[in-house]
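For reference, the structure is listed below as structure tokens.
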């Protein structure tokens, strides 16, 4: 479907006359605009792109869809002054992103319009990536794979988690990443048992497991990968747990296809971990969509069920976390195909002992 | 005023029964909690802190105000189950942060409550920093000053803007910053004429002016500083413009005190630039508050007028941008005192020629 047709379908299915997009990643997806302030008005088959004076040049270079307007002040006031929504009674807005004060402003500017909050307008469309988007995500992941390769020669006992996190950021930026897609996680020893640990000054020691979760943005698109290293020979249980997580991940990679729902895919990995007796230690979802945001719809989880579609790019990241002892997580990004999936991640998953 | 008294005053002045905080920097300011998911319910002199299972331990370590609750699922559902808002008819919510879909969830969970959106609830209180907060901001700025000192020996012609940006991030993280407070700006030659330029692969050349705007987070609090360097001997106009910006900044630093409004302070610097004939090239506000967020209330601008108060920490950052040629910006962070201000920034403002 053409991207504007997605907006038209939303307008029709909600019996509305128009739609206003305000969430910047959605606006970037629709128009190509990479700035920080804009809105898109769609009505009667036409779309208007409205930004402020800072982006006059950039919007002309970037925006591929719609008539470009540079507002002298408030974007919504300009929309009203230009009568873009004349004759529209019911106008859809993005319920999960629009704030109460912004809606109040809209109502003041357009007192005769009835605003209709709708959630998830573009979720299913944004989730399916084009060939070009896949290339851009693979480009970002290539940097992350290179940085992991660098880390295998860099990480040594005696370094702190923060030392390694600083190196991860530096090496991504040196390789052309515009920013990190999230602050990297470097969690060693007992800290690795916390799925969302922040890097501390704890120093890596013999016998530690070290969970490293990292990714970057390049050309707007995110990468995301987790690997777990061992510092010196790991204990027997750590080796066992590593193998269970790897088996669970392999099972999910084999199973992943549009024939499953997101919940069934989560279950494919989770059942391996449960059968090994570690079910209660896999406390988070199996994965999530990745694209212009590091976390996108759909969540791949036992909590909700969504149909999987060819073209979606998602993470597969099972983990086991033994409180106060250690944790293991292994995460790849994949793209679903008609019959299975392609793995976009190139780094080794054999347990590396440093 | 005690921090809970600020909430009580807001409840009373809006003729309400209770208040719900959902914006994380405000919750951190009130309770000390540094996690990513929580809400605070305040009613009848009592406050309840509600978070999810991931933060059970952390909330016990950090939260200083209120009864701590760990919700098994939705935070708002837990609030209802625990009858925290029983007997409350009018409940204030944060208008500029709460989304339409979140309000919908609240209404479903508490159908008998009338939710009252109010903006800027904590603005004036958060803006005035305690002694402890000033120390934490000065700590973050100390790192940024050290990194600037490092850059004076590091920056050379032939390096790209991106090379320097990567070094800036690396040096901040190595010195204990938890993250950057924003992606650093390194804008050279004609790029320096764009106030919000992103680092590119452009290589520094003789005759360039280079605007460097950077800051970090440590212990939750932000730093923010801009300096402009010259690569080789700058042209005559660049030297003139540098001096005008420096004079404008000096004037604002002399004038800054609680005797002025934010608009008058902006004007103190702006009039120097206007008198020198560059008024139309100073396109942004003079400054903004800094604290748990890199940009806080108040904006120091010609667009709105706020009373300045002793204790506020704000930036003073005049700039002149000559399109397609070069730009100059000089930015310090200051804390207003009863009679003037203290400068929290230690880096030299003499024009450094590299």
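Protein chains in written order, with the numbering used here: chain A, 1 to 354; chain B, 1001 to 1354. All residues carry an ideal CB built from backbone N, CA and C; glycine is no exception. Just so we're clear, the structure is a prediction, and the values are computed from it rather than from any experiment.
{"Check": "Pair within 8 Å by beta-carbon distance, residue 63 of chain A and residue 31 of chain A", "Outcome": "yes"}
{"Check": "Listed by chain order, chain B residues near residue 61 of chain A by CB distance under 8 Å", "Outcome": "Those within 8 Å of residue 61 of chain A in chain B number zero; the least Cβ separation is about 13 Å."}
{"Check": "Cβ-based contacts, 8 Å cut-off: residues of the region 1117 to 1133 of chain B near chain A", "Outcome": "1117 and 1119"}
{"Check": "Boundaries (first-last residue) of the beta strand (DSSP E) holding residue 242 of chain A", "Outcome": "Taken as a continuous stretch (DSSP letters only), residue 242 of chain A belongs to no beta strand (DSSP E), being part of the alpha helix (DSSP H) at 236 to 255."}
{"Check": "Pair within 8 Å by beta-carbon distance, residue 262 of chain A and residue 308 of chain A", "Outcome": "yes"}
{"Check": "For residue 1103 of chain B, the three-state DSSP class (helix, strand or coil)", "Outcome": "helix"}
{"Check": "Cutoff 8 Å: residue 1183 of chain B Cβ touching any chain A Cβ", "Outcome": "yes"}
{"Check": "Length at least 3, wholly inside the region 1122 to 1198 of chain B: the beta strand (DSSP E) runs in chain order", "Outcome": "1185 to 1188"}
{"Check": "Option nearest residue 1111 of chain B by Cα separation, candidates B:1088, B:1197, B:1133 and B:1002", "Outcome": "B:1088"}
{"Check": "Euclidean distance between Cα positions of residue 331 of chain A and residue 180 of chain A", "Outcome": "17 Å"}
{"Check": "Option in A:187, A:276 and A:222 with minimal Cα separation from residue 329 of chain A", "Outcome": "A:187"}
{"Check": "Chain-ordered residues of the region 260 to 276 of chain A with a beta carbon less than 7 Å from chain B", "Outcome": "none"}
{"Check": "Given 8 Å, three or more beta-carbon pairs between the region 1081 to 1095 of chain B and the region 50 to 69 of chain A", "Outcome": "no"}
{"Check": "Residues that residue 1299 of chain B bridges to, as DSSP identifies them", "Outcome": "B:1288"}
{"Check": "Exposed unless 16 or more other CB atoms sit within 10 angstroms - verdict on residue 1184 of chain B", "Outcome": "buried"}
{"Check": "Endpoints, beta strand (DSSP E) assigned at residue 1021 of chain B", "Outcome": "1018 to 1021"}
{"Check": "Beta-carbon neighbours of residue 1097 of chain B, restricted to chain A and to distances below 9 Å", "Outcome": "99, 100 and 101"}
{"Check": "Residue nearest to residue 1102 of chain B in terms of C-alpha spacing, selected from B:1123, B:1274, B:1121 and B:1074", "Outcome": "B:1074"}
{"Check": "Contact check, residue 155 of chain A vs residue 168 of chain A, beta carbons under 8 Å", "Outcome": "no"}
{"Check": "Distance CB(residue 1165 of chain B)-CB(residue 1216 of chain B) smaller than 8 Å", "Outcome": "no"}
{"Check": "Expected contact under 8 Å - CB spacing of residue 52 of chain A and residue 71 of chain A to nearest Å", "Outcome": "6 Å"}
{"Check": "Boundaries of the beta strand (DSSP E) in which residue 6 of chain A is found, first to last residue", "Outcome": "Taken as a continuous stretch (DSSP letters only), residue 6 of chain A belongs to no beta strand (DSSP E), being part of the alpha helix (DSSP H) at 3 to 13."}
{"Check": "Short Cβ contact (8 Å threshold) for residue 276 of chain A with residue 251 of chain A", "Outcome": "no"}
{"Check": "Distance, residue 254 of chain A Cα to residue 128 of chain A Cα", "Outcome": "20 Å"}
{"Check": "Close beta carbons around residue 349 of chain A, own chain, < 7 Å, minus the five adjacent residues each side", "Outcome": "246 and 330"}
{"Check": "Continuous alpha helix (DSSP H) stretch holding residue 112 of chain A: start and end", "Outcome": "Neither: residue 112 of chain A is in no alpha helix (DSSP H) and is coded neither H nor E."}
{"Check": "Residue 1025 of chain B - DSSP class collapsed to helix/strand/coil", "Outcome": "helix"}
{"Check": "Interface partners of residue 179 of chain A on chain B, CB under 7 Å", "Outcome": "1183"}
{"Check": "Residue from B:1145, B:1354, B:1218 and B:1193 whose Cα sits closest to the Cα of residue 1294 of chain B", "Outcome": "B:1218"}
{"Check": "Residue 173 of chain A to residue 205 of chain A span [Cα, whole Å]", "Outcome": "28 Å"}
{"Check": "Beta-carbon proximity of residue 315 of chain A to residue 224 of chain A, cut-off 8 Å", "Outcome": "yes"}
{"Check": "Residues of its chain near residue 1193 of chain B, where Cβ-Cβ distance is below 7 Å and the 5 sequence neighbours each way are ignored", "Outcome": "1321, 1322, 1323, 1324, 1325, 1326 and 1327"}
{"Check": "Cutoff 8 Å; reference residue 60 of chain A; Cβ partners in own chain excluding five residues on either side", "Outcome": "68"}
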